[in-house]
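Q: Note that the protein sequences, when read in sequence, are chains E and Y.
Heads up: the first sequence begins at 115 in the working numbering, then just goes up one per residue.
Heads up: the second sequence begins at 84 in the working numbering, then just goes up one per residue.
Yeah, the Cβ is synthetic: ideal placement off N, Cα and C, and Gly gets one too.
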Amino acid sequence: MKADKKRIIGFAVALVGAAMMAFGVADNEHREVFEKAVRICLECIGIG
Amino acid sequence: MDKKRNGKRFNFRLVFQGLWALITNSYLTGFLQGKIYQGKLKNICLPGLNCYSCPGALGSCPVGALQSSLSSRGSKISLYVSGFLIFVGAVMGRYVCGWLCPFGLIQDLLNKIPFPKKLRTFKGDRLLRKLKYVILLLFVILLPMVAVDMTGLGDPWFCKYICPAGTLEGGVPLVLLNSALRETVGFLYTWKILLLALTVILSVIIYRPFCKYICPLGAIYSFFNKISVFKITLDKEKCVGCGKCERTCKMNVNPCKNPDSAECIRCRECIYACPTGALKDNFSSLSVRKDGK
């Protein structure tokens, strides 16, 4: 595959990713990440 | 000349990694009080493996966040987290590993410790590199979704049983600083400390063993190395086949044959080593070489 073609695919995939993020934010999914991240994750640190 | 130049460039990467790790883990109160940051920035995922239970962490770990959504009731696939991983991967690929991962920085520093016999490669090295994909599929995706309790909740298997970054960045400082947590330490903590110790020892002997063989985040970004917007490219007409790039690469990639290999962490050492300027990336125009190549 030529370099230009790969780059175009890269841009397109990045756009898909950005769109997914936007839909996720619209659905308040970032709040779920927040809820998990502001509590000490006992599993992560080897306690829970 | 080459050596001097390489040394200077490597130091720049180290400084960049260090600054990024400091900025994204700059909640000093957490380190002083044995607590974690609870502000709004935790809504945002960071690109590298940065445990969100590190007392200084300002953002969230994408692997932890992904497992959290998959292990929740109904195993929801978070568009926000998966979209973030796809976006970052498609833009940067494994530049994240080379430049923006705090645990990568720690391994880089550990590998600077002198050791009588550093291992560049060994029998089974290539095969072992596939392990990170097995860990991604099994411990990050399948087990958190499938192995659930009566209430339908699963565990973050990778974080819980494997991740040495979480132990180092979150487990060790929090247990040292927080007496309530210290009293709850048990077998799991001992197991994770053993894994961390093994990772530390291996990092002195082998360059970035965790990134090469274990890291599921590196595995995700590796899928995008071929198509990422920012990447290393080879000008075949300029390449003289001297092999300097391959000898320089600590990830054992041959940039002449495969400049966008899934194993490449884009540390740019091959670009600095190339005597003819055949290897370039999107940032090459920013760093003008003294010899003009």
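#1: The alpha helix (DSSP H) that contains L202 (chain Y), what's its start and end?
#2: Hey, is K116 (chain E)'s beta-carbon within less than 9 Å of any beta-carbon in chain Y?
#3: Quick one, are the C-beta atoms of C137 (chain Y) and P256 (chain Y) less than 9 Å apart?
#4: What does T250 (chain Y) reach in chain E if we use C-beta pairs closer than 8 Å?
#5: Counting only Cβ pairs nearer than 8 Å, list the residues of chain E close to I49 (chain Y).
#6: Got a sec: is the Cβ-Cβ distance from F366 (chain Y) to anything in chain E below 9 Å?
#7: Are there three or more Cβ pairs, one per stretch, closer than 8 Å when the stretch 121-138 of chain Y is compared with the stretch 225-237 of chain Y?
#8: Does the stretch 145-159 of chain Y come into contact with the stretch 132-140 of chain E, if we say contact requires no fewer than three beta-carbon pairs (one atom in each stretch) closer than 8 Å?
#9: Could you tell me if K195 (chain Y) is buried or exposed, where buried requires 16 or more neighbouring beta carbons within 10 angstroms of its beta carbon?
#10: Relative to the ligand ADP, is the shortest distance from any of its heavy atoms to the C-beta of W103 (chain Y) smaller than 8 Å?
#11: What do you get for T359 (chain Y), buried or exposed, if any count of 16 or more other CB atoms within 10 angstroms of its CB means buried?
#12: For K275 (chain Y), report the span of its alpha helix (DSSP H) as first-last.
#13: Identify, in the order they occur along the chain, each residue of the same chain with its Cβ nearer than 8 Å to the Cβ of K319 (chain Y), setting aside the five sequence neighbours on each side.
#14: Would you call the stretch 231-238 of chain Y and the stretch 310-319 of chain Y touching, i.e. three or more CB-CB distances under 8 Å?
#15: With distances taken from CA atoms, which of Y:T282, Y:K309, Y:D191 is nearest C350 (chain Y)?
#16: If you reduce the DSSP assignment to three classes, tell me which class D141 (chain E) lands in.
#17: Quick one: list the residues of chain E neighbouring D238 (chain Y), beta-carbon separation under 8 Å, in chain order.
#18: Can you pull the chain E neighbours of Q116 (chain Y), defined as C-beta to C-beta under 7 Å?
#19: Can you give the Cα-Cα distance for S109 (chain Y) and H144 (chain E), rounded to whole angstroms?
#20: Are any of the Cβ atoms in chain E nearer than 9 Å to that of W274 (chain Y)?
#21: CA-CA distance, C155 (chain E) and G162 (chain E)?
A: In this structure, then:
#1: Here L202 (chain Y) belongs to no alpha helix (DSSP H), and DSSP marks it neither H nor E.
#2: no
#3: yes
#4: I159, G160
#5: There is simply no residue 49 (chain Y) to check, as chain Y begins at 84 and stops at 376 in what is shown.
#6: no
#7: no
#8: no
#9: exposed
#10: Of ligands this structure carries none, so the ligand ADP is not represented either.
#11: exposed
#12: 270-288
#13: A361
#14: no
#15: Y:D191
#16: coil
#17: E157
#18: Result: empty, since nearest Cβ-Cβ is about 12 Å, beyond 7 Å.
#19: 21 Å
#20: yes
#21: 8 Å
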